[in-house]
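Enquirer:
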Amino acid sequence: MFTSLGGVGLRSPRLSRSMFWLGLLTIVIGYLLTTEDLYRYANWQSRGFFSGSSAGFNASSAQASSSLPFNYKAVVAYQAKDRSDGVYANIKNNSPTGEDNYFIAMRNSSDLYAGVADGVGGWAEHGYDSSAISREICSCMRDFVFTSCGGKSTPFTPKQLIDWGYTKVKKDEIVKVGGTTAIVAHFAPNGSLSVANLGDSWCGVFRESRLVFQTKFQTVGFNAPYQLAIIPDSMLKEAARRGGSYIQNKPNDADEYNFKLKQNDVVVLATDGVTDNIAVEDMELFLKDHADDANLQDTCQTFVDQVVKLSKDPTFPSVFAQEISKLSGKQYSGGKEDDITVVIVKVE
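Just so you know, we're using the working numbering here: the sequence shown kicks off at 3 and counts up by one.
1. Counting C-beta neighbours from all protein chains within 10 Å, is the total for A323 16 or more, i.e. buried, or is it exposed?
2. Give me the DSSP bridge partner(s) of Q216.
3. Please specify which runs of the alpha helix (DSSP H), each continuous and at least 4 residues long, are wholly inside the region 127 to 161, giving them in chain order.
4. Hey, could you find the ends of the alpha helix (DSSP H) G275 is sitting in?
5. Consult DSSP for V282 and reduce its assignment to one of helix, strand or coil.
6. By the three-class DSSP mapping on this structure, what secondary structure does I176 have?
7. Given this structure, state the Cα-to-Cα distance separating N260 from R243, to the nearest angstrom.
8. What do you get for A119, buried or exposed, if any count of 16 or more other CB atoms within 10 angstroms of its CB means buried?
9. Just mark G275 as buried or exposed, buried being the case when its beta carbon has 16 or more other beta carbons within 10 Å.
10. Touching or not, the region 283 to 296 and the region 193 to 205, by the rule of three or more beta carbon pairs under 8 Å?
11. Can you find the residues in the same chain that come closer than 6 Å, C-beta to C-beta, to A134, ignoring five residues on each side of it along the sequence?
12. With DSSP run on the structure shown, which of helix, strand or coil describes P253?
13. What is the DSSP secondary structure of L200, reduced to helix, strand or coil?
14. Hey, would you say G167 sits closer than 7 Å to I139, going by beta carbons?
15. In this structure, what does DSSP give as the bridge partners for H292?
16. Taking the straight line between their C-alpha atoms, what separation do you get for T317 and K311?
17. Would you report the Cα separation of S211 and L298, rounded to the nearest angstrom?
18. Could you give the C-beta distance for P191 and S97, rounded to a whole number, given that I count them as a contact under 8 Å?
19. For G121, list the residues DSSP reports as bridge partners.
20. From which residue to which residue does the alpha helix (DSSP H) around D315 run?
21. Shortest alpha-carbon distance to P160 belongs to which of C205, W125, K173?
22. Output the distance between the C-alpha atoms of Y104 and P227, rounded to the nearest integer angstrom.
23. What distance in whole Å lies between the Cβ atoms of C142 and K173, which are believed to be in contact at a cut-off of 8 Å?
24. Under the three-state reduction of DSSP, which class applies to A231: helix, strand or coil?
25. Can you name the start and end residues of the beta strand (DSSP E) that R109 belongs to?
26. Taking the Cβ atom as the reference point for each residue, do E339 and S313 lie within a distance shorter than 7 Å?
27. Look at the alpha carbon of F189 and the alpha carbon of E240, and state the distance between them as a whole number of angstroms.
28. For V347, which option in G124, Q81, Q265, I249 has the closest C-alpha, if you only look at C-alpha atoms?
29. Buried or exposed for M72, please, with buried defined as at least 16 other CB atoms from any protein chain shown within 10 angstroms of its CB.
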(Lines of atoms letter the chains of each structure in order from A and count residues from 1; the text may use other names and numbers.)
(Lines give C-alpha, C1' and ligand atoms only; values in the text may rest on other atoms or scores of the structure.)
Protein backbone atom coordinates (compact mmCIF):
# COMPACT_ATOMS: atom_id res chain seq x y z
CA MET A 1 0.00 0.00 0.00
CA PHE A 2 1.01 3.63 -0.26
CA THR A 3 2.09 5.81 2.60
CA SER A 4 2.03 9.58 2.81
CA LEU A 5 5.74 10.05 2.23
CA GLY A 6 6.99 13.58 1.89
CA GLY A 7 3.99 14.93 3.74
CA VAL A 8 5.21 14.87 7.33
CA GLY A 9 4.12 17.96 9.17
CA LEU A 10 1.72 19.01 6.45
CA ARG A 11 -1.27 19.92 8.56
CA SER A 12 -3.41 21.83 6.16
CA PRO A 13 -6.95 22.68 5.11
CA ARG A 14 -8.53 20.51 2.50
CA LEU A 15 -7.75 21.16 -1.13
CA SER A 16 -11.43 21.02 -2.05
CA ARG A 17 -12.98 20.89 -5.47
CA SER A 18 -14.22 24.40 -4.93
CA MET A 19 -10.62 25.55 -4.65
CA PHE A 20 -9.86 24.01 -8.01
CA TRP A 21 -12.99 25.42 -9.63
CA LEU A 22 -12.09 28.84 -8.28
CA GLY A 23 -8.82 28.45 -10.16
CA LEU A 24 -10.75 27.49 -13.27
CA LEU A 25 -12.84 30.66 -13.11
CA THR A 26 -9.70 32.78 -13.24
CA ILE A 27 -8.16 31.20 -16.36
CA VAL A 28 -7.84 33.37 -19.42
CA ILE A 29 -10.18 31.61 -21.82
CA GLY A 30 -8.89 30.81 -25.30
CA TYR A 31 -5.18 31.11 -24.83
CA LEU A 32 -2.53 31.51 -22.22
CA LEU A 33 -0.34 34.58 -22.21
CA THR A 34 3.18 33.40 -21.73
CA THR A 35 3.84 35.21 -18.47
CA GLU A 36 5.04 33.63 -15.27
CA ASP A 37 2.13 34.83 -13.15
CA LEU A 38 -0.49 33.42 -15.49
CA TYR A 39 1.28 30.09 -15.68
CA ARG A 40 1.50 29.90 -11.95
CA TYR A 41 -1.87 31.10 -10.80
CA ALA A 42 -4.40 31.10 -13.66
CA ASN A 43 -5.45 27.48 -13.55
CA TRP A 44 -4.21 24.88 -11.11
CA GLN A 45 -6.52 21.98 -11.71
CA SER A 46 -7.02 22.09 -15.48
CA ARG A 47 -3.79 22.15 -17.45
CA GLY A 48 -3.32 24.94 -19.96
CA PHE A 49 -2.69 24.90 -23.65
CA PHE A 50 0.36 26.74 -23.08
CA SER A 51 2.14 25.38 -20.38
CA GLY A 52 -5.03 5.49 -24.89
CA SER A 53 -6.96 4.12 -27.41
CA SER A 54 -8.70 0.83 -26.72
CA ALA A 55 -9.97 -1.22 -23.84
CA GLY A 56 -7.61 -3.24 -21.66
CA PHE A 57 -4.54 -4.63 -23.39
CA ASN A 58 -2.12 -7.32 -22.29
CA ALA A 59 0.88 -8.07 -24.51
CA SER A 60 2.83 -11.05 -23.22
CA SER A 61 6.02 -12.12 -24.95
CA ALA A 62 6.48 -15.62 -26.21
CA GLN A 63 9.61 -17.70 -25.71
CA ALA A 64 12.57 -15.96 -27.30
CA SER A 65 15.27 -17.75 -29.19
CA SER A 66 18.65 -18.30 -27.58
CA SER A 67 20.06 -15.37 -29.56
CA LEU A 68 17.61 -12.96 -27.91
CA PRO A 69 18.36 -12.91 -24.19
CA PHE A 70 15.76 -10.31 -23.22
CA ASN A 71 12.02 -10.88 -23.34
CA TYR A 72 9.44 -8.27 -22.40
CA LYS A 73 5.98 -8.55 -20.90
CA ALA A 74 3.79 -5.45 -21.13
CA VAL A 75 0.47 -4.66 -19.47
CA VAL A 76 -1.67 -1.55 -19.13
CA ALA A 77 -4.27 -0.28 -16.68
CA TYR A 78 -6.14 3.00 -16.66
CA GLN A 79 -9.00 4.92 -15.11
CA ALA A 80 -10.59 8.02 -16.58
CA LYS A 81 -11.67 10.72 -14.15
CA ASP A 82 -15.33 11.54 -13.62
CA ARG A 83 -16.71 13.59 -16.49
CA SER A 84 -20.25 14.34 -15.38
CA ASP A 85 -19.66 18.03 -16.13
CA GLY A 86 -21.19 19.04 -19.46
CA VAL A 87 -17.92 20.63 -20.60
CA TYR A 88 -16.70 17.12 -21.46
CA ALA A 89 -19.66 16.28 -23.71
CA ASN A 90 -17.51 16.22 -26.84
CA ILE A 91 -15.03 13.64 -25.57
CA LYS A 92 -15.67 10.50 -27.56
CA ASN A 93 -17.49 7.70 -25.79
CA ASN A 94 -14.94 5.27 -27.22
CA SER A 95 -12.14 6.86 -25.19
CA PRO A 96 -12.21 4.85 -21.95
CA THR A 97 -8.86 6.37 -21.04
CA GLY A 98 -10.32 9.88 -21.06
CA GLU A 99 -7.87 12.45 -22.42
CA ASP A 100 -5.02 10.00 -21.83
CA ASN A 101 -4.03 7.40 -24.35
CA TYR A 102 -1.41 4.72 -24.85
CA PHE A 103 -0.04 2.21 -27.32
CA ILE A 104 1.84 -1.07 -26.99
CA ALA A 105 3.43 -2.50 -30.14
CA MET A 106 5.48 -5.69 -29.90
CA ARG A 107 7.37 -6.41 -33.12
CA ASN A 108 8.50 -9.71 -31.65
CA SER A 109 9.00 -11.13 -28.18
CA SER A 110 12.16 -9.09 -27.64
CA ASP A 111 11.44 -5.87 -29.53
CA LEU A 112 8.80 -3.61 -28.02
CA TYR A 113 7.62 -0.03 -28.44
CA ALA A 114 5.25 1.52 -25.91
CA GLY A 115 4.10 4.97 -24.96
CA VAL A 116 1.52 7.13 -23.22
CA ALA A 117 0.13 10.54 -24.15
CA ASP A 118 -1.98 13.02 -22.20
CA GLY A 119 -4.33 15.35 -24.06
CA VAL A 120 -4.51 18.88 -22.63
CA GLY A 121 -7.91 19.13 -21.00
CA GLY A 122 -8.31 22.89 -21.31
CA TRP A 123 -9.52 22.50 -24.90
CA ALA A 124 -12.68 20.78 -23.66
CA GLU A 125 -13.79 24.12 -22.24
CA HIS A 126 -13.95 25.44 -25.81
CA GLY A 127 -16.08 22.60 -27.12
CA TYR A 128 -13.31 20.47 -28.64
CA ASP A 129 -12.63 16.78 -28.11
CA SER A 130 -9.54 17.09 -25.93
CA SER A 131 -8.94 13.34 -26.18
CA ALA A 132 -8.64 13.34 -29.98
CA ILE A 133 -5.01 14.31 -30.44
CA SER A 134 -3.56 11.88 -27.89
CA ARG A 135 -5.73 9.08 -29.25
CA GLU A 136 -4.85 9.70 -32.90
CA ILE A 137 -1.12 10.15 -32.34
CA CYS A 138 -0.93 6.94 -30.31
CA SER A 139 -2.89 5.12 -33.01
CA CYS A 140 -0.56 6.40 -35.73
CA MET A 141 2.56 5.47 -33.77
CA ARG A 142 1.26 1.96 -33.11
CA ASP A 143 0.35 1.48 -36.76
CA PHE A 144 3.74 2.72 -37.92
CA VAL A 145 5.55 0.08 -35.89
CA PHE A 146 3.74 -2.60 -37.87
CA THR A 147 3.79 -1.04 -41.35
CA SER A 148 6.32 -1.90 -44.03
CA CYS A 149 8.21 1.29 -43.17
CA GLY A 150 8.19 0.47 -39.51
CA GLY A 151 9.17 -3.12 -40.19
CA LYS A 152 12.65 -2.24 -41.39
CA SER A 153 15.51 -4.10 -39.76
CA THR A 154 17.19 -0.94 -38.48
CA PRO A 155 15.23 0.26 -35.43
CA PHE A 156 13.87 3.78 -35.40
CA THR A 157 14.18 5.96 -32.33
CA PRO A 158 11.29 6.93 -30.04
CA LYS A 159 11.75 10.56 -31.09
CA GLN A 160 11.40 9.57 -34.75
CA LEU A 161 8.23 7.68 -33.89
CA ILE A 162 6.74 10.70 -32.12
CA ASP A 163 7.68 12.86 -35.11
CA TRP A 164 6.05 10.47 -37.54
CA GLY A 165 2.82 10.18 -35.55
CA TYR A 166 2.45 13.92 -35.01
CA THR A 167 3.30 14.75 -38.63
CA LYS A 168 0.76 12.27 -39.98
CA VAL A 169 -2.03 13.54 -37.73
CA LYS A 170 -1.34 17.11 -38.86
CA LYS A 171 -1.00 16.22 -42.54
CA ASP A 172 -4.18 14.16 -42.63
CA GLU A 173 -6.06 16.86 -40.69
CA ILE A 174 -7.45 14.18 -38.40
CA VAL A 175 -7.62 16.57 -35.45
CA LYS A 176 -8.98 20.12 -35.64
CA VAL A 177 -7.64 21.51 -32.38
CA GLY A 178 -5.74 20.06 -29.44
CA GLY A 179 -2.52 19.56 -27.56
CA THR A 180 -0.87 16.54 -25.98
CA THR A 181 2.22 15.35 -24.16
CA ALA A 182 3.96 12.19 -25.35
CA ILE A 183 6.47 9.75 -23.94
CA VAL A 184 7.65 6.76 -26.00
CA ALA A 185 10.04 3.95 -25.10
CA HIS A 186 11.80 1.31 -27.19
CA PHE A 187 12.83 -1.95 -25.53
CA ALA A 188 15.52 -3.55 -27.70
CA PRO A 189 16.55 -7.22 -27.88
CA ASN A 190 19.89 -6.48 -26.18
CA GLY A 191 18.23 -4.84 -23.18
CA SER A 192 18.77 -1.25 -24.27
CA LEU A 193 15.99 1.13 -23.28
CA SER A 194 15.58 4.28 -25.36
CA VAL A 195 13.09 6.95 -24.32
CA ALA A 196 11.86 10.22 -25.80
CA ASN A 197 9.79 12.50 -23.58
CA LEU A 198 7.91 15.67 -24.46
CA GLY A 199 5.91 17.13 -21.59
CA ASP A 200 5.11 15.91 -18.11
CA SER A 201 4.39 12.22 -18.56
CA TRP A 202 6.99 9.97 -16.96
CA CYS A 203 9.16 6.87 -17.30
CA GLY A 204 10.94 5.16 -14.43
CA VAL A 205 12.98 1.96 -14.11
CA PHE A 206 12.84 0.01 -10.86
CA ARG A 207 15.43 -2.60 -9.93
CA GLU A 208 14.62 -4.71 -6.90
CA SER A 209 11.90 -2.17 -6.09
CA ARG A 210 14.31 0.77 -6.12
CA LEU A 211 14.27 3.54 -8.71
CA VAL A 212 17.45 3.47 -10.81
CA PHE A 213 16.41 5.69 -13.73
CA GLN A 214 13.76 8.29 -14.47
CA THR A 215 12.92 10.96 -17.03
CA LYS A 216 12.51 14.65 -16.25
CA PHE A 217 9.39 16.74 -16.73
CA GLN A 218 9.35 19.42 -19.42
CA THR A 219 7.21 22.41 -18.47
CA VAL A 220 7.06 26.13 -19.16
CA GLY A 221 5.35 26.80 -15.84
CA PHE A 222 3.29 25.18 -13.12
CA ASN A 223 0.78 22.74 -14.63
CA ALA A 224 1.78 23.88 -18.13
CA PRO A 225 3.70 21.11 -19.93
CA TYR A 226 5.48 21.08 -23.25
CA GLN A 227 2.99 19.81 -25.80
CA LEU A 228 2.47 18.87 -29.41
CA ALA A 229 -0.32 21.16 -30.56
CA ILE A 230 -2.62 21.58 -33.53
CA ILE A 231 -4.09 25.09 -33.58
CA PRO A 232 -5.78 26.81 -36.56
CA ASP A 233 -4.10 29.90 -37.98
CA SER A 234 -7.14 31.99 -37.10
CA MET A 235 -6.70 31.19 -33.42
CA LEU A 236 -2.97 31.87 -33.55
CA LYS A 237 -3.55 35.24 -35.19
CA GLU A 238 -6.18 36.20 -32.64
CA ALA A 239 -3.84 35.26 -29.80
CA ALA A 240 -1.04 37.33 -31.33
CA ARG A 241 -3.39 40.28 -31.79
CA ARG A 242 -4.13 40.20 -28.09
CA GLY A 243 -0.48 39.91 -27.18
CA GLY A 244 -0.48 36.25 -26.25
CA SER A 245 0.52 32.88 -27.61
CA TYR A 246 -0.08 29.16 -27.26
CA ILE A 247 2.44 26.55 -26.28
CA GLN A 248 3.50 24.77 -29.45
CA ASN A 249 6.42 22.38 -29.29
CA LYS A 250 7.95 20.21 -31.98
CA PRO A 251 8.88 16.53 -31.68
CA ASN A 252 12.52 17.61 -31.84
CA ASP A 253 12.02 19.33 -28.47
CA ALA A 254 11.65 15.94 -26.78
CA ASP A 255 14.40 14.90 -24.38
CA GLU A 256 16.10 11.60 -25.24
CA TYR A 257 17.43 9.01 -22.80
CA ASN A 258 19.25 5.68 -22.97
CA PHE A 259 19.52 3.11 -20.21
CA LYS A 260 20.77 -0.47 -19.97
CA LEU A 261 18.16 -2.81 -18.54
CA LYS A 262 18.70 -5.97 -16.55
CA GLN A 263 16.49 -9.00 -16.20
CA ASN A 264 13.65 -8.53 -13.68
CA ASP A 265 13.70 -4.74 -14.03
CA VAL A 266 10.26 -3.14 -13.92
CA VAL A 267 9.66 -0.16 -16.22
CA VAL A 268 6.73 2.19 -15.61
CA LEU A 269 5.29 4.63 -18.16
CA ALA A 270 2.69 6.92 -16.62
CA THR A 271 0.72 10.08 -17.26
CA ASP A 272 0.75 12.90 -14.73
CA GLY A 273 -2.36 11.53 -13.05
CA VAL A 274 0.13 9.30 -11.24
CA THR A 275 3.04 11.64 -10.60
CA ASP A 276 0.83 14.56 -9.51
CA ASN A 277 -0.48 12.36 -6.72
CA ILE A 278 2.26 10.04 -5.47
CA ALA A 279 6.02 10.32 -5.11
CA VAL A 280 8.71 7.91 -6.28
CA GLU A 281 9.06 6.62 -2.71
CA ASP A 282 5.40 5.59 -2.77
CA MET A 283 5.98 3.66 -5.99
CA GLU A 284 8.97 1.89 -4.47
CA LEU A 285 6.94 0.81 -1.45
CA PHE A 286 4.16 -0.47 -3.66
CA LEU A 287 6.52 -2.51 -5.84
CA LYS A 288 8.24 -3.92 -2.77
CA ASP A 289 4.89 -4.99 -1.30
CA HIS A 290 3.91 -6.64 -4.60
CA ALA A 291 7.29 -8.08 -5.58
CA ASP A 292 6.02 -11.64 -5.30
CA ASP A 293 2.82 -11.12 -7.27
CA ALA A 294 2.49 -13.70 -10.03
CA ASN A 295 0.14 -11.72 -12.27
CA LEU A 296 1.63 -8.52 -13.70
CA GLN A 297 -1.75 -7.35 -15.02
CA ASP A 298 -3.29 -7.61 -11.55
CA THR A 299 -0.37 -5.69 -10.07
CA CYS A 300 -0.75 -2.90 -12.61
CA GLN A 301 -4.50 -2.67 -12.01
CA THR A 302 -4.04 -2.61 -8.24
CA PHE A 303 -1.50 0.18 -8.62
CA VAL A 304 -3.92 2.29 -10.67
CA ASP A 305 -6.79 1.56 -8.28
CA GLN A 306 -4.75 2.78 -5.33
CA VAL A 307 -3.65 5.96 -7.09
CA VAL A 308 -7.27 6.67 -8.06
CA LYS A 309 -8.32 6.25 -4.43
CA LEU A 310 -5.65 8.68 -3.23
CA SER A 311 -6.53 11.18 -5.95
CA LYS A 312 -10.00 11.45 -4.40
CA ASP A 313 -8.80 11.68 -0.80
CA PRO A 314 -9.17 15.28 0.47
CA THR A 315 -6.65 14.67 3.25
CA PHE A 316 -3.86 13.04 1.23
CA PRO A 317 -0.71 15.20 0.94
CA SER A 318 -0.34 14.74 -2.81
CA VAL A 319 2.63 16.00 -4.79
CA PHE A 320 0.30 18.45 -6.53
CA ALA A 321 -1.09 19.87 -3.28
CA GLN A 322 2.38 20.30 -1.82
CA GLU A 323 3.52 22.15 -4.93
CA ILE A 324 0.56 24.52 -4.66
CA SER A 325 1.47 25.08 -1.02
CA LYS A 326 4.97 26.13 -2.03
CA LEU A 327 3.77 28.48 -4.76
CA SER A 328 0.97 30.11 -2.81
CA GLY A 329 2.55 30.26 0.63
CA LYS A 330 -0.54 28.54 2.05
CA GLN A 331 -0.93 24.94 3.06
CA TYR A 332 -3.20 22.63 1.12
CA SER A 333 -3.82 18.91 1.04
CA GLY A 334 -5.80 16.56 -1.13
CA GLY A 335 -5.34 14.43 -4.20
CA LYS A 336 -5.67 15.65 -7.78
CA GLU A 337 -8.36 13.85 -9.73
CA ASP A 338 -7.23 13.18 -13.27
CA ASP A 339 -7.11 10.52 -15.94
CA ILE A 340 -4.61 7.87 -14.89
CA THR A 341 -2.85 5.60 -17.39
CA VAL A 342 0.01 3.23 -16.57
CA VAL A 343 1.97 0.85 -18.79
CA ILE A 344 4.23 -1.57 -16.92
CA VAL A 345 6.91 -3.57 -18.73
CA LYS A 346 8.69 -6.46 -17.00
CA VAL A 347 12.11 -7.50 -18.31
CA GLU A 348 12.34 -11.28 -18.46
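By construction, the Cβ of each residue, glycine as well, lies at the ideal position given by its N, Cα and C atoms.
Expert: In this structure, then:
1. Against the sequence shown, residue 323 aligns to sequence position 321. In this structure A323 is buried. Its beta-carbon is surrounded by 16 or more other beta-carbon atoms within 10 angstroms.
2. One-based indexing of the sequence shown puts residue 216 at position 214. Answer is G206, bridged to Q216.
3. Entirely contained in the region 127 to 161, the alpha helix (DSSP H) runs reaching 4 residues are, in chain order, 134 to 148.
4. As a first step, residue 275 is located in the sequence shown; it is residue number 273 there, counting from the start. Unbroken alpha helix (DSSP H) run through G275: 274 to 277.
5. As a position in the sequence shown, residue 282 is number 280, starting the count at 1. Helix at V282.
6. Start at 1 with the first residue of the sequence shown, and residue 176 comes out as number 174. Coil.
7. On the sequence shown, residue 260 is found 258 positions in, with the first residue counted as 1. On the sequence shown, residue 243 is found 241 positions in, with the first residue counted as 1. Counting only the Cα atoms, R243 lies some 42 Å from N260.
8. Translated into the one-based positions of the sequence shown, residue 119 becomes position 117. A119 comes out buried.
9. The residue given as residue 275 occupies position 273 in the sequence shown. Looking at its Cβ environment, which holds 16 or more other Cβ atoms inside 10 Å, G275 is buried.
10. Result no; under three Cβ-Cβ pairs closer than 8 Å.
11. Counting from one through the sequence shown, the residue named residue 134 turns up at place 132. Its chain contains V177, G180 as the residues whose beta carbon lies nearer than 6 Å to that of A134, once the 5 sequence neighbours on both sides are disregarded; these appear in chain order.
12. For the purposes of this step, residue 253 is identified with residue 251 of the sequence shown, where counting begins at 1. Taken through DSSP and simplified to helix, strand or coil, P253 comes out as helix.
13. Locating residue 200 in the sequence shown gives position 198, where the first residue counts as 1. Assigned with DSSP and collapsed to three states, L200 falls in strand.
14. As a first step, residue 167 must be located in the sequence shown, where it is residue number 165. As a first step, residue 139 must be located in the sequence shown, where it is residue number 137. Annotated as proximal: G167 and I139, with beta-carbon spacing under 7 Å.
15. For the purposes of this step, residue 292 is taken as the residue at position 290 of the sequence shown. DSSP lists no partner for H292.
16. Taking the first residue of the sequence shown as 1, we reach residue 317 at position 315. Taking the first residue of the sequence shown as 1, we reach residue 311 at position 309. Cα to Cα, T317 sits roughly 12 Å from K311.
17. Residue mapping note: residue 211 aligns to position 209 of the sequence shown, counting from 1. Residue mapping note: residue 298 aligns to position 296 of the sequence shown, counting from 1. If I take the Cα positions, the gap works out to 14 Å.
18. Along the sequence shown, read from residue 1 onward, the residue named residue 191 stands at position 189. Along the sequence shown, read from residue 1 onward, the residue named residue 97 stands at position 95. The Cβ separation is near 33 Å, so there is no contact.
19. On the sequence shown, residue 121 is found 119 positions in, with the first residue counted as 1. Looking at the DSSP assignment, G121 forms a beta bridge with T182.
20. Within the sequence shown, residue 315 is the residue found at index 313, counting from 1. Element bounds for D315: n/a, residue is neither H nor E.
21. Residue numbering aside, residue 160 sits at position 158 when the sequence shown is read from its first letter. The shortest C-alpha separation from P160 is found at C205.
22. For this step, residue 104 is matched to residue 102 along the sequence shown. For this step, residue 227 is matched to residue 225 along the sequence shown. Approximately 18 Å, taken between the alpha carbons.
23. Taking the sequence shown and counting its residues from 1, one reaches residue 173 at position 171. Taking the sequence shown and counting its residues from 1, one reaches residue 142 at position 140. Contact annotation, K173 with C142: C-beta distance approximately 10 Å; criterion of less than 8 Å not satisfied.
24. As a first step, residue 231 is located in the sequence shown; it is residue number 229 there, counting from the start. Correct three-state label for A231: strand.
25. By one-based count along the sequence shown, residue 109 stands at place 107. For R109, the enclosing beta strand (DSSP E) starts and ends at 102 to 110.
26. Within the sequence shown, residue 339 is the residue found at index 337, counting from 1. Within the sequence shown, residue 313 is the residue found at index 311, counting from 1. Contact flag set, yes.
27. Here residue 189 corresponds to residue number 187 of the sequence shown, with the count starting at 1. Here residue 240 corresponds to residue number 238 of the sequence shown, with the count starting at 1. C-alpha of F189 to C-alpha of E240: approximately 43 Å in a straight line.
28. The residue given as residue 347 occupies position 345 in the sequence shown. When each option's Cα is compared against that of V347, the closest is Q265.
29. To locate residue 72, count along the sequence shown from 1; it is residue 70. The identity of residue 72 in the sequence shown is Phe, whereas the question assumes Met. Label assigned to F72: buried.
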